Amino acid sequence: MQHGSHGMMMPGMTMQGMDMSGHQHGNASPAAPATGKVQPPKSKPKPTRKSKPAPPPASTQEQTPTPTGDSAPVLSEPAAAPASMPAPAGTDLPVSADAAPAPAAPADHAADAFYDAGAMAAARADLRREHGGMRLHQILFNLAEIQARRGREGYRWDAEGWWGGDINRFVVKSEGEGRFGRSLEAAEAQALFSRAIGPYHDLQAGIRQDLGRGPRRTYAVIGIEGLAPYWFETEGSLFLSDKGDLLGRVEAWYDQRITQRLILQPRVELNLAAQDVREQAIGHGLSMAELGLRLRYEVRRAFAPYVGVSWEGRAGRTARYARAAGEAVRGTAAVAGIRTWF
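The sequence shown begins at 246 in the numbering used here and counts up one residue at a time.
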């Protein structure tokens, strides 16, 4: 009896109870449906790409009701920081109620356990001196030059020296000019006390004494000097003479580096007066202006020869006084000199 040729099995019989020896089990046909039709054998399903499982039907999903009204839970507010404890710097986080305050800085020093009090006091004094308490000094000739002006060769200097620390200094300034073969035309010397009022500016006060030809006046001086934005060196001073005359001066210059050693320096100086000073041939307002351009080469940082050009002119009543005395109102000079400090 060939089981593969029939679509039905006998009642009470199972596949385990039948003798299948001599038959090809792989060719056996599955049981036919109740309709009597024979179905073809099923083929091996082809592998398919994995895809996300489809969501279950809406009826099977658990619906969580959204609480509304009085049934909605109330979110707790973060604990407020104690009134005596400030918030941490740099954050907007509240301070926890159980946060401990920072410990106090230690009052003792480890070195005190090994050295006596005298040695530690000397060491701390040296530390303060090396970190801003040292006494230094400098002498600077910003201008030391010869001027050639249509056969009237002359000379000019502008120098200052100081001694002190980063905050307080004693300053001595001097400037003047003259002609070769003639007496000194104009000169002055200042003795000042300078105190730093910021990282870039110093406030100065002291006295000024006029030298050279003309009346020799003494002035009380107050001024400010320092480094302006964009690296402009600036000086501004007020002078009150022993005769009650009020004068002013503003100076500025800028070092434009062409190379590390070649430097172009434009310079401007303005002199002003609050009133006429006939004894010194000075008129009120802007009395004199000077513009200069100098090119220097730093052989060393402390030694730099230069060449350049300088223009100066008198204005207002000062120009009238100069014409009345037979002097030139304005003029241009070629200059050559040395800028040095030590």
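Beta carbons: idealized from backbone N, C-alpha and C, even for Gly.
Keep in mind the model is a prediction, meaning the values are calculated, not measured.
- Per DSSP, the continuous beta strand (DSSP E) segment holding residue 400 begins and ends at 399-409.
- Within 10 angstroms of the beta-carbon of residue 343 lie fewer than 16 other beta-carbons, which makes it exposed.
- By the criterion of a C-beta distance shorter than 7 Å, residue 464 is surrounded in its chain by 452, 453, 484, 485, 486, once the five residues flanking it on both sides are discounted.
- Linking residue 529 to residue 376 through their CA atoms gives a straight-line distance of about 47 Å.
- In this structure, the straight-line span from the alpha carbon of residue 450 to that of residue 458 is close to 25 Å.
- Closest in C-alpha terms to residue 389, from the list 402, 359, 409, comes 402.
- For residue 379, no beta strand (DSSP E) run applies, since DSSP gives it neither H nor E.
- For residue 364, the enclosing alpha helix (DSSP H) begins and ends at 362-373.
- The C-beta distance from residue 550 to residue 583 rounds to 5 Å, short enough to fall under 8 Å.
- Here the alpha carbons of residue 496 and residue 436 stand approximately 18 Å from one another.
- Contact between the segment 352-368 and the segment 534-543 is absent: fewer than three C-beta pairs spanning the two stretches fall below 8 Å.
- Our two residues, residue 369 and residue 443, have alpha carbons roughly 25 Å apart in a direct line.
- Using a Cβ-Cβ distance cut-off of 8 Å, the segment 498-506 and the segment 557-564 are not in contact, since fewer than three pairs of beta carbons, one from each stretch, lie closer than that value.
- In this structure, residue 381 lies away from residue 585, with their beta-carbon atoms at least 9 Å apart.
- Excluding five sequence positions before and after residue 429, the CB atoms of its chain that fall closer than 6 Å to its own CB belong to 423, 457, given in chain order.
- The C-beta separation of residue 532 from residue 518 comes to about 5 Å, placing the pair in contact by the 8 Å criterion.
- For residue 555, DSSP records a beta bridge to 537, 578.
- Boundaries of the beta strand (DSSP E) harbouring residue 421: 413-424, taken from the DSSP string.
- Rounded to the nearest angstrom, the gap between the Cα atoms of residue 490 and residue 447 is 25 Å.
- Close CB contacts of residue 477 within its chain, under the 7 Å cut and outside five residues either way in sequence, are with 497, 499 (chain order).
- Closest option to residue 414, judged by alpha-carbon separation, among 348, 578, 470: 470.
- Of 440, 387, 434, 418, the smallest CA-CA separation from residue 410 is found for 440.
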